[in-house]
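Down below is the structure, laid out as C-alpha cells.
Numbering (our numbering), first residue to last: 22 to 312.
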C-alpha cells in the first residue's frame, strides 16, 4: 500500500519538509494503552533506571536505519521532552510555518503565551528548538526548529512497555493526528483559501500493489531520492510565491493481506494480483457511463 501526494486535487499549507519520520511500529498493545490510562506519562518517563540512562548515552547520536546519515533518532531525553501533546503540536507548528514567537504560537494553538514559553524552554533543553537570534528583540524571542531530520526509534529496539516505547507511541500518534487534521482542514477550507493554480495540482492517491520487502524498500528509496532533491533545493531557499505544503508518504504491508503463492499457476483462474490505483477526482473506465 502506497499513499503519495500527486495527481489532481488535494494539498494544503503545513509542514513543508521531510524532517519528521515515523518509525515503523505495530499497533499499540492493550497493555500500553492500559498503562497510559493509569499512569501519568510525564511521571513515568522520569523514572529512568541507570541501565536506561546508559542506553540513552549509547544511542543519542544514532541515525535512522531507514535513512542513515539523514535522520537523527530521538534519544531518551528528547522523547521525554516530546511526551506531551502540546509540545508535539509546537514542534509541528515550527516545522510547518517557520520561526514563531511564544505569543504567535499561543494564537495558533489556543493557549496562553506563558504556557507556550514554558514548553518552549523544555524543548530547548532537549535540543529540539532554539532561539532565532536574527529575528529576536530585547522584548520578544523568536523560536525555530533545530535544522535536520528527526526520527522516532525503531520499535524493535525498545523493550515492551518501556518509557521510551510509551513515549514513541504517544509522539507518533500525535504526529499522525496532526497529519490528519491538516489534510481535513484543506478539504474543508482549501477551496475558500487557494486559487485554482493550487487546487488543480494538489492530490491524494492510493496505490495497491503486491511487493516483497525488498521491492517495497526500493520503492521507498526511489521516492526518497526524488523528495530529497526538492528538500535540498528549496528547504532553505524557498522561491518567491511559494507556500508551505505538506507531503504525506505511507508505505506499509496490509495486516489482513495474504502472501502471494510462490507458484503463479496455483492462483485461481481469471485472477491476478491486485494492482489498483485510486486517484482523487479521477474516473476509472469501469465507472464511466455512456452518454
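Note that CB positions come from ideal geometry on N, CA and C, so glycine has one too.
Since we're looking at a predicted model, the values are computed, not measured.
Check                                                                                                                : Outcome
Contained alpha helix (DSSP H) runs [length at least 4] in the segment 208-234, N- to C-terminal order               : 217-220
Every unbroken beta strand (DSSP E) inside the segment 85-155 [3 residues or more]                                   : 92-94 and 150-152
Pair within 7 Å by beta-carbon distance, residue 147 and residue 188                                                 : no
With 16 other Cβ atoms within 10 Å as the buried cut-off, status of residue 257                                      : exposed
Extent of the continuous beta strand (DSSP E) run through residue 268                                                : Element bounds for residue 268: n/a, residue is neither H nor E.
CB contact flag (residue 126, residue 145, <7 Å)                                                                     : no
Rounded straight-line distance, which links the Cα of residue 134 to that of residue 238                             : 43 Å
Bridge-paired residues (DSSP) for residue 164                                                                        : 121 and 152
Endpoints, the beta strand (DSSP E) within which residue 172 is located                                              : 170-172
Under 7 Å between C-beta atoms of residue 231 and residue 281                                                        : yes
Own chain partners of residue 192 with C-beta closer than 8 Å, once the 5 adjacent residues on each side are dropped : 95, 100, 103, 104, 109 and 173
Spatially closest choice to residue 267 from 229, 130 and 197, by CA coordinates                                     : 197
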